[in-house]
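Only one structure is covered here, and it is reproduced in the block below.
In the working numbering, the protein residues as written are 23 to 160.
What follows is the structure in C-alpha cells.
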C-alpha cells in the first residue's frame, strides 16, 4: 500500500466532500431548508455542531480511499476505477439514507431526491479524485 498516495487521496476526497456539501447545502438547497425550517435545529446550533460534520467527513475520507485501495486493479486506469467505485459507494450511502430521512422527517419529496443526486455527484467526484491520485507502490 502506498501510504503517501493514500493520504493525498484522502485529503482530496475530504475536499471534494467539503466543497460539494457546501455548494449543495448552502446554495442549491438553501431555499428548501428555509421552507422546512421547523424540521431543523436552529442555525446557531447547526453552526455550533459544524465540527461534528467536519469530523464525520474526516472519518469518511480515509475510509473511502482505503476501501478503494482494496479493490484497485493495477492493469486498469485509475480514473475509471475511481468513478466506478464512487458510483457504487454513492448508491450504497445515498439511497438508503435518503429513503430513511424521508420516512422519518416531514420534508417534501424533492429534498431527498436532491440529496440523492448530490450524494451521487459527490461520491463519483470523490472516486475520480481517489482514482487519479492513488497508485500502489510499484
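Note that CB positions come from ideal geometry on N, CA and C, so glycine has one too.
For residue 151 and residue 42, believed in contact at Cβ under 8 angstroms, the rounded distance: In the chain shown, counting from the first residue as 1, residue 42 sits at position 20. In the chain shown, counting from the first residue as 1, residue 151 sits at position 129. About 11 angstroms separates the two Cβ atoms, so there is no contact after all.
N-terminal and C-terminal residue of the alpha helix (DSSP H) that residue 127 is part of: As a first step, residue 127 is located in the chain shown; it is residue number 105 there, counting from the start. Counting along the chain, residue 127 falls outside any alpha helix (DSSP H), and DSSP gives it neither H nor E.
The stretch 105 to 118 / the stretch 132 to 149 touching (three or more Cβ pairs under 8 angstroms): Between the stretch 105 to 118 and the stretch 132 to 149 there are three or more C-beta pairs closer than 8 angstroms, enough to call the two in contact.
Alpha helix (DSSP H) runs wholly inside the stretch 88 to 139, at least 4 long, in chain order: Every alpha helix (DSSP H) stretch that sits fully inside the stretch 88 to 139 and reaches 4 residues is listed by chain position as 100 to 126.
Whether residue 156 touches residue 28 by CB criterion (9 angstroms): Indexing the chain shown from 1 puts residue 156 at position 134. Indexing the chain shown from 1 puts residue 28 at position 6. Yes, Cβ-Cβ distance for residue 156 and residue 28 is below 9 angstroms.
Helix, strand or coil at residue 159 [DSSP, three-state]: Working through the chain shown from its first residue, we reach residue 159 at position 137. DSSP places residue 159 in coil when its eight states are reduced to three.
Segments assigned alpha helix (DSSP H), at least 4 residues, entirely inside the stretch 37 to 92: 52 to 57, 65 to 70 and 72 to 92, all fully within the stretch 37 to 92.
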